[in-house]
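Undergrad: Each residue of the sequence shown is one higher than the one before, counting from 356 in this note's numbering. Glycine included, each C-beta is placed from N, C-alpha and C at the ideal position. There's a structure below that I have some questions on.
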Amino acid sequence: MQHVVISGTGVFTPPEVITNAELVEAFNAYADKQNAIHADEISAGTREPMAHSSEEFIFKASGIERRHVMDKSGVLDPDVMHPNLRQRDDDEQGIMTEMAVAAAREAMEKAGVSADQVGAVICAASNHERAYPAIAIEIQDALGIAGFGFDMNVACSSATFGIQAAADMIRSGSTDCILMVNPEICSGHLEWRDRDCHFIFGDVCTAVVLQEKSRATSQTQFEILSTRCLTQFSNNIRNNNGFLRRSRPSGVQDQRDMQFMQNGRQVFKQVVPIVSDMVVQHCADEGVDPTKLDRMWLHQANKSMNDFIGRKVLGRVPELTEQPNILQEYANTSSAGSIIAFAQNSDDLPVNAMGIICSFGAGYSVGNVIVKRVA
Ligand code: COA
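Written out as structure tokens, the structure is:
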């Protein structure tokens with residue numbers, strides 16, 4: 356069986372930033388407008404007024420300080436409250452491809468691979484801008500890559516599941532080099548008018564180059580020692596948007612379920628034990644002492660959740676460097692979060708250092724990738 360390494364990573368960070376202060380100001384202006392529109396119902400007691408959001412709550416509940424987005428003008432306009440992302444014409448490059456190409460170029464440069472060395476492209480993300488043709492094939496075309504490409508979606512675990520799929524294909528000889536990208540435009544499926552979740556997400560794209568070990572030449576290489584994926588059905592994180600959305604009974608006005616919905620408390624309670632048990636068991640099965648892991652690059656949804664998982668796996672409070680957070684800068688970027696953490700916090704590790712990339716989210720889905728620095 357072939358051995359597989361991650362030989363390059365790339366992160367495309369959208370230049371536009373929304374701070375918690377800007378976000379809260381826009382949300383509160385929207386709430387005030389709604390309360391003014393519905394003043395009669397509110398004073399008659401037939402409608403609850405919309406409550407204000409607060410910066411303090413957001414930071415305390417999530418650890419998020421700001422987020423990058425593809426368009427802030429619409430999100431911060433109390434009369435719009437969603438990103439102004441134009442539907443592109445069929446003969447223009449798609450927005451996900453544009454983000455993916457930027458991240459991919461960085462990853463390929465770090466890996467030292469050219470387009471003709473890449474045999475396949477996987478576009479793994481929680482939402483795709485169209486049904487078909489696959490975004491991965493457009494990316495493949497834009498980069499001049501031969502071979503094949505396909506899209507996959509496992510929500511927040513798309514990237515780790517994508518790494519497992521790529522590693523398995525390289526091990527079995529389908530190809531010896533795969534580009535796996537995660538363009539996440541979370542701002543497009545977040546309900547910015549919902550106080551309970553309006554602060555959660557940001558946009559980004561990550562890219563990972565995976566190669567058969569003997570072919571890799573880059574200065575920094577992490578061998579994939581083992582992967583493990585798990586799914587367990589839950590409705591606690593759900594988005595009903597899909598191609599049947601127009602077949603709703605006429606007169607149904609409420610479209611809230613066409614965006615991200617979650618029962619955040621249940622997610623917190625149920626997912627933490629599943630993830631920490633899975634990391635500990637996976638390590639044990641591979642003969643790795645989980646308390647000796649040099650680094651954990653966890654999914655970035657919520658800081659307290661990550662602190663909890665880190666404590667359970669390591670058996671002590673992790674040092675900041677052992678379990679890097681990027682939430683404060685990016686917010687939750689769905690599947691890309693653990694890959695940003697890995698891309699930005701792995702170069703300093705010495706050869707033979709071991710770590711785990713771990714994602715979790717809707718499905719529920721959990722994905723582990725145990726890696727060891729080999730170059
Ligand atoms: N500003 C101010 N107050 C807010 C608020 C906001 N933006 N949003 C909610 N509140 C209020 C709530 O109404 C509630 O008030 P109450 O106590 O009077 O009812 C209070 O703050 C606490 O809200 P709650 O939802 O219980 O907060 P929490 O501490 O459980 O944190 C989450 C909420 C969503 C951040 C947290 O549950 C979480 O992160 N869960 C996991 C989410 C996750 O990982 N999802 C995966 C997505 S891919």
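#1: Measuring straight from C-alpha to C-alpha, what distance separates Ser409 and Asp558?
#2: Do Ala696 and Leu653 count as a contact pair if the criterion is CB distance below 8 Å?
#3: Determine the extent of the beta strand (DSSP E) in which Pro628 is found, giving its start and end residues.
#4: Would you list, in sequence order, the uninterrupted beta strand (DSSP E) runs of no fewer than 3 residues that lie entirely inside the region 396-427?
#5: Pick helix, strand or coil for Ala470, following the three-state DSSP scheme.
#6: Among all the DSSP beta bridges, which residues are the ones paired with Gly716?
#7: Quick check: what's the CA-CA separation for Ala571 versus Leu565?
#8: Run the proximity test for Met660: is its beta-carbon closer than 7 Å to any non-hydrogen atom belonging to ligand 1?
#9: Could you check which residue in Tyr685, Thr561, Thr575 has the C-alpha nearest to that of Ala730?
#10: Around the Cβ of Leu599, are there at least 16 other Cβ atoms within 10 angstroms (buried) or fewer (exposed)?
#11: Need the endpoints of the beta strand (DSSP E) that Leu534 sits in, please.
#12: Please specify which runs of the alpha helix (DSSP H), each continuous and at least 4 residues long, are wholly inside the region 679-712, giving them in chain order.
#13: Can we say the region 381-388 touches the region 575-591, given the rule of at least three CB pairs closer than 8 Å?
#14: Do Val721 and Met633 have their beta-carbon atoms positioned less than 8 Å apart in this structure?
#15: Please go through the region 496-564 and give each complete alpha helix (DSSP H) segment of 4 or more residues, from N-terminal end onward.
#16: What do you reckon, is the C-beta of Arg303 under 7 Å from a heavy atom of ligand 1?
#17: With a threshold of 7 Å (Cβ to nearest heavy atom), would Asn657 be considered close to ligand 1?
#18: Once you ignore the five residues that flank Tyr385 on each side, which residues in its own chain have a CB closer than 7 Å to its CB?
#19: My understanding is that Ile419 touches Leu682, with C-beta atoms under 8 Å, so please give their C-beta distance in whole angstroms.
#20: Starting from Arg666 and walking both ways along the alpha helix (DSSP H), at which residues does that stretch end?
#21: Is any heavy atom of ligand 1 found at a distance shorter than 7 Å from the C-beta of Gln614?
TA: Working from what's here:
#1: Approximately 22 Å between the Cα atoms of the pair.
#2: Taking the C-beta atoms as reference points, Ala696 is found nearer than 8 Å to Leu653.
#3: Counting along the chain, Pro628 falls outside any beta strand (DSSP E), though it belongs to the alpha helix (DSSP H) covering 619-640.
#4: 421-424
#5: helix
#6: In the DSSP output, where bridge partners are listed per residue, Gly716 has Ser720.
#7: 9 Å
#8: Met660: yes, Cβ under 7 Å from ligand 1.
#9: That would be Thr575, whose Cα lies nearest to the Cα of Ala730.
#10: exposed
#11: 532-540 is the span of the beta strand (DSSP E), which, as asked, contains Leu534.
#12: 682-685, 692-699
#13: no
#14: yes
#15: 513-526
#16: Given a span of 356 to 730 for the chain in the structure shown, any question on residue 303 remains unanswerable.
#17: yes
#18: Pro433, Met436, Arg548
#19: 5 Å
#20: 658-669
#21: no
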